[in-house]
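Top line first, the protein sequences correspond to chains A, B and C. Number 198 in the working numbering belongs to position 198 of the first sequence; there are no gaps in the numbering. Number 14 in the working numbering belongs to position 14 of the second sequence; there are no gaps in the numbering. Number 334 in the working numbering belongs to position 334 of the third sequence; there are no gaps in the numbering. Each residue gets a CB set at the ideal place from its N, CA and C atoms; glycine is no exception. Written out below as structure tokens is the structure these notes cover.
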Amino acid sequence: MADAKKHTGRAVVVLVGLVVLTAPFWMSGYPVYVLSLVGIFGLVAIGLNFLTGYAGQISLGHAGFFAIGAYTTALLTKKAGLPFVLSLPLAGVFATAVGAVAALPALRLKNLYLAIATLGFGVVVQKLLFEWQSLTGGGAGLEVPAPRLGPIVLSTAGHMYYLILAVVILGTWAALNIARTGSGRAMVMVRESEVAAGCLGISVAKYKVIAFSLSGFYTAIAGGLYCYLVRYINPESFNIHMSITFLSMIVIGGLGTIPGSLLGAVFYVLAPELFRGIKDAPGLVFGLSLVVVMVLMPKGLWGFVGRLWRRA
Amino acid sequence: MFFFSLIIGGLASGSLYAMVGIAIVLVLQASDIPNFAQGEMAMFSTFVGYWILQQYNVSWWSAVLLSLLFAAVLGVAVQQLVIRPLLGRPTMNLVIATLGLNIVLHSLAGMIWGNETHIFPSPLSDALPLNVAGLTIPPMNVFIILVGVALILCLTFIIRKTRAGIALRAASQNQAVARLMGISINRAFAVAWGLGGLAGGIAGVLVAPVLFLDTNMMGLLLIKGFAGGVLGGLNSLGGVFAGGLFLGVIENLMGAYISGSFGEALVFLLIIGVLIVAPEGVFGRVRTRKV
Amino acid sequence: MRFKSGRRFASICLTVCATLALLTVLGSAIAVRNASAADTIKVGYVGPLSGSLSLLGQSVRDGILVYFAHVNGMGGVKGRPLELIAEDDGYDPMRTVAATKKLMEHDKIITLLSPAGTPSTVALLPLVNENKLPMLFPYAFSHALTNPTKPYVFTTLTEVRVQMHVLADYIVGTLKQRKVAAIYQNDDFGHDAVTGLEDRFDALKIPLTKLPFDRGTTNFSGIVAQARKADVEHVVFLGIPRDAALVMREASNMGWRPQFSGHNALGDPQTFKLAGQLAEGAIAVAVMEPLDSARPQVQEFLAHQKKYLPKTSPTTYSMHSYNAAKIFVEALSRIKGKEITADAIVGALDTMRNFDTGLMGPINFSKDQHAGGLYNAIVKAKDGKWHLVTPWTKAK
């Protein structure tokens, strides 16, 4: 029985791999665009998951990191003419630094206090981007040129899809490895019991900072990819609703798990697409789906999939 | 003169944040769950009151009382249908569930009552502004503050002195032991959420005459309510109330004296600053826990 | 250990694939349904159908629906019915782009009609130009829409900067007031409006007190107090009628009654509904006839909205989009031949001169001028209605 399961599993993997790898060739532009968004949000989810899922620190301000990533990448490309292999990582590094600094006030805060403080972070970033018109274009937004690397220009939906896919694969692999290392386990300890962690010699402060920085890095890279995908960014988009969306994604998908992060992103991007047709009530159905998922699936979508798999 | 009008105006706006804060903290203290649907629940019950007022020829007080009754029932219903099945699950799950509920109620209200803005009457609608030492004070907001204080006193009395209230405190402190003492956790939480719903409903019917009634009435107030609560300290009703009032005042002061366009961001920076020094709010007592 | 992470990865792929398959199946099902109605002229709309500006988004959509229902009732255009496919963007430019992409590729719309939202429509400019999609008569005020002229973008709503030029001229020239404050939404729209005011005031060396507020805020007491302290005699309000009413109330509570004015959104019955007596005497820039106008086409619009969408109320928003739909249908009917293409529509519009819909000043487009709403007037609030107090004049 287990053998049959293994074989079916492998066959499905191959099939899925083929689908994902060849999508732009047989899907039209809009579904490819939607899948690209899934990839981007997936990266955000993985990053935020380190902070909230593993280290247990709630953040209602991650739209701020997303915005930092988007604007840094956009400006480095537009004003400094950097290729994407430089602009994206640089944006990530900058966000990591910001994350480390932002973590400092947050070290002593918990729960709702931390939530409001991170909310404040998101608001400050959004306002800064809006007010600093000379740099960011302010409320008029910023047009972003296509990403390039030497003579290669990624100008089509298909190009962006593969770039995003590559980054997502790389990011997932890296995340899986980090989760397994001492850092990953230390973060989990911080979530479970700060006191116990302290007793074990784990520097709680250090790992909180690492969690913030790491999540900032992933989210910023996602932000950079996003600005390349939509080619126009405006501070309006990076608001508290976006932050709440990010948080909901990882909880729905399965808090504390990497596959859950990706599933959450899939749900969040695809569910509104499925509900589009419902006249006058897409919001209603979406809200209901959140409640239903939480009531029926305590460990999120990934936990549910896991339960099905085990029962099969 | 200008300075004082900023203070008065700030207290007036802050009174709205404070009222919402009470509803949030009541449920938070009793069941340890932040209810992100509180704003829309209040909006919904206020619309019910408005609808009753429009459709049936009843007095304003009757309509309001009915809407408050609806609010309390809604609170209990939410607790029974959404919160109770999720007891024992991680808090994040509950938060997301209430967020989903928030969206549901908002959409539902829009579908039932439309998106237009309406005037919600109140007995104080035609009252002239009070004139104290050259400053004009809006009577409605004074009333709101008075109601808020009265509500806090009532709720504190209920929680401290009545059986139901003591059961509530026991249930929130230690569920296992409370059960052993014969307290029905379910009943205690139902009471808490019913009271929270009621407080939210009161906030709704007080906010509506000031801000006009529409489906977006409570949207930003929920966040301000939380922010004010955090500033004041989530441990006590009085702290939350004071925090809300204070938030309104510093909004005005920051906007007028430092920067109009950056005002909102500065307010949050101030809150973060306060939290660095006092991680549980200005009036919050740092809770010591046995490990 | 390597096997374990491989298995995890497999599970990830499994779920992604399953959902993709589901989406593809659903997508094809929807596509099949759309294909069957191949004869209809498909028009797209995107705007904030949800969120704090839902009244704007829904009302603009409703205006189009009303006019389309009217035209379809008379047999459609060239015998073909008009179909509106509306998408929600929640006033988020990112969603606007996504929704428009979907409308273009999936629903194969021929035109995007009257999309609502200033930052949202600006976000669409690269997309519509690249894909040669006509974006007609948005409910948006941005300078960028027609400066420089974009081949596929046409507007009828005078941009807020120009509206503010008209208002500033009236304030200084006719009202002879020189102490002015602007209370405005702290976003792109508000900033654009203030730029318009400053264009005139700076030239005349008149100082302007600038008081921004965050969209959605409930606390206006601070800025009204600041306006009063600055001893202004005139307050220009730039935002939605609801917030205008709140500001008027705050001022009244303080025992202060400056002259109020605003852009065209202020000149709406909603202002009276919410501010009541406090709105008396306020002025606004008019781009279209007031809803209380006696002109027959305005009455016809009101009657049509009552007939086709009785549960909704006519607003300046729905009148704008009704007007937009009217011009669009006129352009369609001017196309020679059976085939309706984007370029044919643009061609018909580029040659439109002095077309009078009866709802606003005559529309003029040319290849280099796509801002059709060149006539403005000032309306004043009197006895619960908005009345024209100046003739329709061409803005400079």
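Chain-order list of residues whose beta-carbon lies under 7 Å from that of residue i (same chain, five-residue window excluded)
{"i": "residue 242/C", "result": "274"}
{"i": "residue 225/B", "result": "17, 20, 21, 24, 244"}
{"i": "residue 389/C", "result": "378, 379, 380"}
{"i": "residue 284/B", "result": "233, 234, 235, 239, 278"}
{"i": "residue 204/A", "result": "190, 194, 197, 198"}
Cβ shell of residue i (< 6 Å), same chain only, five flanking positions each side left out
{"i": "residue 82/A", "result": "76"}
{"i": "residue 243/A", "result": "60, 61, 62, 63, 122"}
{"i": "residue 142/C", "result": "118, 122"}
{"i": "residue 86/C", "result": "45, 61"}
{"i": "residue 115/A", "result": "58, 60"}
{"i": "residue 24/A", "result": "32, 158, 161"}
{"i": "residue 36/C", "result": "Note that residue 36/C has pLDDT 40, beneath the 50 cutoff, so the model's placement of it is unreliable and the number below is only indicative. Excluding residues within five positions, none has a Cβ falling inside 6 Å."}
{"i": "residue 110/B", "result": "215"}
{"i": "residue 143/A", "result": "232"}
Identity of the residue in the options nearest residue i by Cα
{"i": "residue 148/C", "options": "383/C, 188/C, 371/C", "result": "371/C"}
{"i": "residue 218/A", "options": "261/A, 198/A, 14/A", "result": "261/A"}
{"i": "residue 30/A", "options": "107/C, 55/C, 169/C", "result": "107/C"}
{"i": "residue 118/A", "options": "222/A, 137/A, 98/A", "result": "98/A"}
{"i": "residue 264/C", "options": "288/C, 276/C, 82/C", "result": "288/C"}
{"i": "residue 191/B", "options": "181/B, 159/B, 173/B", "result": "159/B"}
{"i": "residue 228/B", "options": "113/A, 125/A, 256/A", "result": "113/A"}
{"i": "residue 172/A", "options": "10/A, 102/A, 257/A", "result": "257/A"}
{"i": "residue 246/B", "options": "231/B, 259/B, 256/B", "result": "231/B"}
Residue i at chain C interface by Cβ criterion, 8 Å
{"i": "residue 212/B", "result": "yes"}
{"i": "residue 122/B", "result": "no"}
{"i": "residue 70/B", "result": "no"}
{"i": "residue 12/B", "result": "yes"}
{"i": "residue 129/B", "result": "yes"}
{"i": "residue 178/B", "result": "no"}
{"i": "residue 231/A", "result": "yes"}
{"i": "residue 34/B", "result": "no"}
Inter-residue CB distance, residue i and residue j (contact presumed, cutoff 8 Å)
{"i": "residue 170/B", "j": "residue 178/B", "result": "4 Å"}
{"i": "residue 37/B", "j": "residue 86/B", "result": "That belief does not hold up - the Cβ atoms of residue 37/B and residue 86/B are roughly 13 Å apart, past 8 Å."}
{"i": "residue 150/C", "j": "residue 129/C", "result": "6 Å"}
{"i": "residue 320/C", "j": "residue 52/C", "result": "Incorrect: roughly 19 Å between the Cβ atoms, too far for contact."}
{"i": "residue 406/C", "j": "residue 261/C", "result": "Lying outside 1 to 396, the shown extent of chain C, residue 406/C is not represented and no answer is given."}
{"i": "residue 201/C", "j": "residue 250/C", "result": "Going by Cβ atoms, the distance from residue 201/C to residue 250/C rounds to 24 Å, so no, they are not a contact pair."}
{"i": "residue 214/A", "j": "residue 47/A", "result": "7 Å"}
Below-8 Å beta-carbon distance, residue i vs any chain A residue
{"i": "residue 279/B", "result": "yes"}
{"i": "residue 89/B", "result": "yes"}
{"i": "residue 36/C", "result": "Here residue 36/C scores only 40 on pLDDT, less than 50, and its place in the model should not be relied on; the value that follows carries that caveat. Cβ-Cβ to chain A under 8 Å: no for residue 36/C."}
{"i": "residue 94/C", "result": "yes"}
{"i": "residue 336/C", "result": "no"}
{"i": "residue 101/C", "result": "yes"}
{"i": "residue 53/B", "result": "no"}
{"i": "residue 50/C", "result": "yes"}
Residue i - partner residues in DSSP beta bridges
{"i": "residue 185/C", "result": "213/C"}
{"i": "residue 355/C", "result": "363/C"}
{"i": "residue 111/C", "result": "43/C"}
{"i": "residue 236/C", "result": "182/C, 261/C"}
{"i": "residue 377/C", "result": "286/C"}
{"i": "residue 143/A", "result": "232/A"}
Contacting residues, own chain, Cβ-Cβ under 8 Å from residue i (five flanking each side not counted)
{"i": "residue 268/A", "result": "41, 245, 248, 249, 252"}
Neighbour flag for residue i against chain B, beta carbons, 8 Å
{"i": "residue 108/A", "result": "yes"}
{"i": "residue 273/A", "result": "no"}
{"i": "residue 254/C", "result": "yes"}
{"i": "residue 29/C", "result": "Residue confidence is low: residue 29/C scores 48 on pLDDT, short of 50, so the model does not pin down where it sits. Its coordinate-derived value is still stated next. For residue 29/C, the answer is no, since every Cβ of chain B falls outside 8 Å of its Cβ."}
{"i": "residue 283/A", "result": "yes"}
{"i": "residue 309/C", "result": "no"}
Under 7 Å from the C-beta of residue i: neighbouring residues of chain D
{"i": "residue 264/B", "result": "The displayed structure is made up of protein chains A, B and C, and chain D is not among them."}
beta-carbon residue i near the ligand GTP non-hydrogen atom, thresh 7 Å
{"i": "residue 307/A", "result": "No copy of the ligand GTP occurs in the structure displayed, which carries no ligand at all."}
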